[in-house]
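K.L.:
Attaching a single structure in structure tokens format; questions to follow.
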Amino acid sequence: MSWRGMGWLPAVSVLAAASLGCASGAVRGSVAVKGQPSAPLVMKWNSGLFGESGKISATMPDGEQFAGTYQVVKAGMSKSKLEPAWTGDEPDMYQGDIDNSMWGAGRDTEAFLRDYQNKAVATLKGDRGTRMLCRFNLDAGGVGMGGGGTGECQTSRGAKITATF
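So in the working numbering, spot 150 of the sequence shown is number 180, and the numbers just go up one at a time.
Spelled out as structure tokens, the structure:
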């Protein structure tokens, strides 16, 4: 049987599946470090299928490169989907100046799922050993990062980041 004989349905199905796939975008922000003027920051994200999770990267004004993953928090999500820094299972030596509103916020899984539902959380590691945790308030939780929103990040070296996407 030729492709022509199969009709248009398979072609439409392939195109529809592709449109559900990956999306990407930029997160623009401002970095505040105690004793220094604020500086701009650009992060980039790429989603996986359906936008529920993906990869995220950033370059700090001092040149440190960060890379990691993000996860949209959904009702009934398993604690195992969260990175160890969010569950409190990462060694404390990496926490540095990240406060407890982020570090270990998922220790109480029920409260975390209630408070963070339809938000995205990200964990990034810098090429100089710095950790970064981010919490994003999604404008459209069902769409993931592609729906836009605002957020905040903290690094283990004390930087505070505000972001819009």
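Backbone N, C-alpha and C define an ideal beta-carbon position, used for all residues, glycine too.
Are Gly-181 and Ala-193 close, meaning C-beta to C-beta below 8 Å?
P.N.:
Along the sequence shown, read from residue 1 onward, the residue named residue 181 stands at position 151. Along the sequence shown, read from residue 1 onward, the residue named residue 193 stands at position 163. A contact, by the Cβ cut-off of 8 Å.
K.L.:
Who are the near neighbours of Gly-178 in its chain, counting only those whose CB is closer than 7 Å to its CB and skipping five residues on each side?
P.N.:
Here residue 178 is taken as the residue at index 148 of the sequence shown, counted from 1. Within the same chain, Gly-178 has close Cβ partners Asp-169, Phe-195.
K.L.:
Whose C-alpha, out of Thr-117, Gly-65, Gly-84, is nearest the C-alpha of Tyr-100?
P.N.:
Indexing the sequence shown from 1 puts residue 100 at position 70. Closest by alpha carbon: Gly-84.
K.L.:
How would you call Arg-165, buried or exposed, if buried means at least 16 neighbouring beta carbons within 10 angstroms?
P.N.:
Translated into the one-based positions of the sequence shown, residue 165 becomes position 135. With 16 or more Cβ atoms within 10 Å of its Cβ, Arg-165 is classed as buried.
K.L.:
Tell me which residues share the same chain as Met-197 and place their Cβ nearer than 7 Å to its Cβ, disregarding the 5 neighbours each side in the sequence.
P.N.:
No answer is possible for residue 197: it lies beyond the span of the chain, which begins at 31 and ends at 195.
K.L.:
Exposed or buried, Arg-58, counting other C-beta atoms within 10 Å across all chains shown (16 or more means buried)?
P.N.:
Translated into positions along the sequence shown, residue 58 becomes position 28. Answer is exposed; the Cβ neighbour count stays below 16.
K.L.:
Measuring straight from C-alpha to C-alpha, what distance separates Gly-118 and Thr-185?
P.N.:
By 1-based counting over the sequence shown, the position of residue 118 is 88. By 1-based counting over the sequence shown, the position of residue 185 is 155. Approximately 16 Å between the Cα atoms of the pair.
K.L.:
Can you tell me the Cα-Cα spacing of Ala-222 and Cys-183, whole angstroms?
P.N.:
Because the chain here runs from 31 to 195, residue 222 falls outside it and cannot be looked at.
K.L.:
Can you list the beta strand (DSSP E) stretches of 3 or more residues lying completely in the region 76 to 132, in chain order?
P.N.:
83 to 89, 95 to 102
K.L.:
Under the three-state reduction of DSSP, which class applies to Thr-139: helix, strand or coil?
P.N.:
Translated into the one-based positions of the sequence shown, residue 139 becomes position 109. Here Thr-139 sits in helix by DSSP.
K.L.:
Please tell me whether Val-102 and Asn-148 are closer than 8 Å, where the distance is taken between their beta carbons.
P.N.:
Position 72 of the sequence shown, counting from 1, holds the residue named residue 102. Position 118 of the sequence shown, counting from 1, holds the residue named residue 148. Cβ atoms of Val-102 and Asn-148: closer than 8 Å.
K.L.:
Taking its Cβ as the centre, do 16 or more other Cβ atoms sit within 10 Å of Gly-159, making it buried, or is it exposed?
P.N.:
To locate residue 159, count along the sequence shown from 1; it is residue 129. It is exposed - the Cβ of Gly-159 has fewer than 16 other Cβ atoms within 10 Å.
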